[in-house]
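Colleague: Position one of the sequence shown corresponds to residue 1 (UniProt numbering), numbered consecutively onward.
For each residue, glycine too, the CB sits at the ideal point set by N, CA and C.
Just so you know, these numbers come straight off a predicted model, no measurement behind them.
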Amino acid sequence: MSAGPSVRSSTRLRQLLANPDLIVAPGVYDGISARLALEAGFDVLYMSGAATTASMLGQPDLAVATQNDFVQQNATMIASLDSRVPLICDADTGFGGPLMVARTVTAYARAGVAGLHIEDQVQSKRCGHLLGKQIAPLPEYISRIRAAVASRAKIPDCDIVLVARTDAAQTYGLDVALERLKAVIKEGADVAFLEGVRSEDEVIKTVQELRPTPVLLNIVTGGSTPDLTVDDARRLGVKIAIFPLITAVPAIHGIREGLAALKKQGTDVATARGMGPKEFFEVMGLEEAILIDKEAGGDAYATV
């Protein structure tokens, strides 16, 4: 990372948005997935609401998780792991009316989150790649974004990035979805997020009609959006490509493999692949902890 720790992560995200390069943000949902994404060298992380709900509550993405689950229990922890790396967070519908939207923006900003997206589904929302979504009236959606913009303006020196998401394309078509995004961009949204795009042509049209507002593309393998690659996203002209389940789905496969081995073979030696406790803790920042203790004149971890 070229930016020093004195640069706020939200400011860093705005710098990246001004840069011509594509921002690739893998989805993370807990400390382990976030640590591994940082280890892999990604410049921006994305906290997936679906994966957060699944990992914290063991529930599907059906508006089960609360603001507290998202912000206090997850985003605050992930954002603190490396303040140099911006974290973009799912904020569902803002978790209520304008007052709750304002509180959500304030909570995310205080947590050190760089950006968040607010959508236009009704409060009893569902994953954007499931059928049967219901969309809130446009005035209600506009009020959410207005509340977010106003809340940000009241926080001293706050430049958290506000991403406006619409799920209207699936039910009402692309043109209606674009009109909704245009309306909230006028209210101060920084980035546009069209959920559930069904073809490359729809992505291209979205980028062209919303220019110069940057566009975020949600790539979910097996979802309603085509299985696009990073190169595809770059070619199509989007600014941010998120892969929300890139850590959660492999985790399911890996955990299943380990549990099956233990059940059938009575051991986890094969699935551990040589990773013992120390190696595991090194992924979680053991060396940094040792250095902090050493710099303070201690030797508590000298023999770990």
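Run through the stretch 213-297 for me and flag every whole alpha helix (DSSP H) of 4 or more residues, listed as ranges in chain order.
Modeller: Runs found: 230-236, 248-265, 269-272, 277-283, 286-295.
Colleague: How far does the alpha helix (DSSP H) with D69 in it extend, from its first residue to its last?
Modeller: Walking along the sequence shown from the start, residue 69 turns up at place 69. Counting along the chain, the alpha helix (DSSP H) containing D69 begins and ends at 67-70.
Colleague: Could you name the residues that DSSP lists as bridge partners for L16?
Modeller: Counting from one through the sequence shown, the residue named residue 16 turns up at place 16. DSSP output for L16 lists no bridge partner at all.
Colleague: Under a Cβ-count criterion, where at least 16 other Cβ atoms within 10 Å of its own Cβ denotes burial, should G276 be classed as buried or exposed?
Modeller: As a position in the sequence shown, residue 276 is number 276, starting the count at 1. It is exposed - the Cβ of G276 has fewer than 16 other Cβ atoms within 10 Å.
Colleague: Taking 8 Å as the line, does the beta carbon of A109 fall inside it for any heavy atom of the ligand SAH?
Modeller: The ligand SAH is not part of this structure, which contains no ligands at all.
Colleague: Using only CA atoms, which one of K154, C158, A164 lies nearest to S143?
Modeller: One-based indexing of the sequence shown puts residue 143 at position 143. Selected option, being the one with the closest Cα: A164.
Colleague: CB V71 to CB T53, shorter than 9 Å?
Modeller: Sequence index remark: in the sequence shown, residue 71 carries index 71 (1-based). Sequence index remark: in the sequence shown, residue 53 carries index 53 (1-based). Cβ distance not < 9 Å, so V71 and T53 don't count as in contact.
Colleague: Give the DSSP bridge partners of Y46, in chain order.
Modeller: Counting from 1 along the sequence shown, the entry for residue 46 is found at position 46. According to DSSP, which records beta bridges pairwise, Y46 is partnered with G27, I88.
Colleague: In whole angstroms, what separates the C-alpha of V230 from that of I240?
Modeller: For the purposes of this step, residue 230 is taken as the residue at position 230 of the sequence shown. For the purposes of this step, residue 240 is taken as the residue at position 240 of the sequence shown. Rounded to whole angstroms, V230 to I240 spans 10 Å at the Cα level.
Colleague: Cβ of S48 within 9 Å of Cβ of V161?
Modeller: Within the sequence shown, numbered from 1, the residue matching residue 48 stands at position 48. Within the sequence shown, numbered from 1, the residue matching residue 161 stands at position 161. Cβ atoms of S48 and V161: not closer than 9 Å.
Colleague: For V149, I'd like the list of residues in its chain whose CB is within less than 7 Å of its CB, leaving aside the five on either flank, ordered along the chain.
Modeller: As a position in the sequence shown, residue 149 is number 149, starting the count at 1. The answer, listed in chain order, is L162, E187, G188.
Colleague: Looking only at C-alpha atoms, which of L178, Q15, R103 sits nearest to R146?
Modeller: Counting from 1 along the sequence shown, the entry for residue 146 is found at position 146. The option with the nearest alpha carbon to R146 is R103.
Colleague: For the alpha helix (DSSP H) holding I204, just list the boundary residues, first then last.
Modeller: Working through the sequence shown from its first residue, we reach residue 204 at position 204. Run containing I204: 200-210, per the alpha helix (DSSP H) assignment.
Colleague: Spatial neighbours of G258 within its chain, please: C-beta separation below 7 Å, excluding the five flanking residues on both sides.
Modeller: As a first step, residue 258 is located in the sequence shown; it is residue number 258 there, counting from the start. D268, T271.
Colleague: Please state the DSSP three-state secondary structure of V122.
Modeller: Within the sequence shown, numbered from 1, the residue matching residue 122 stands at position 122. Residue state, collapsed to three classes: coil.
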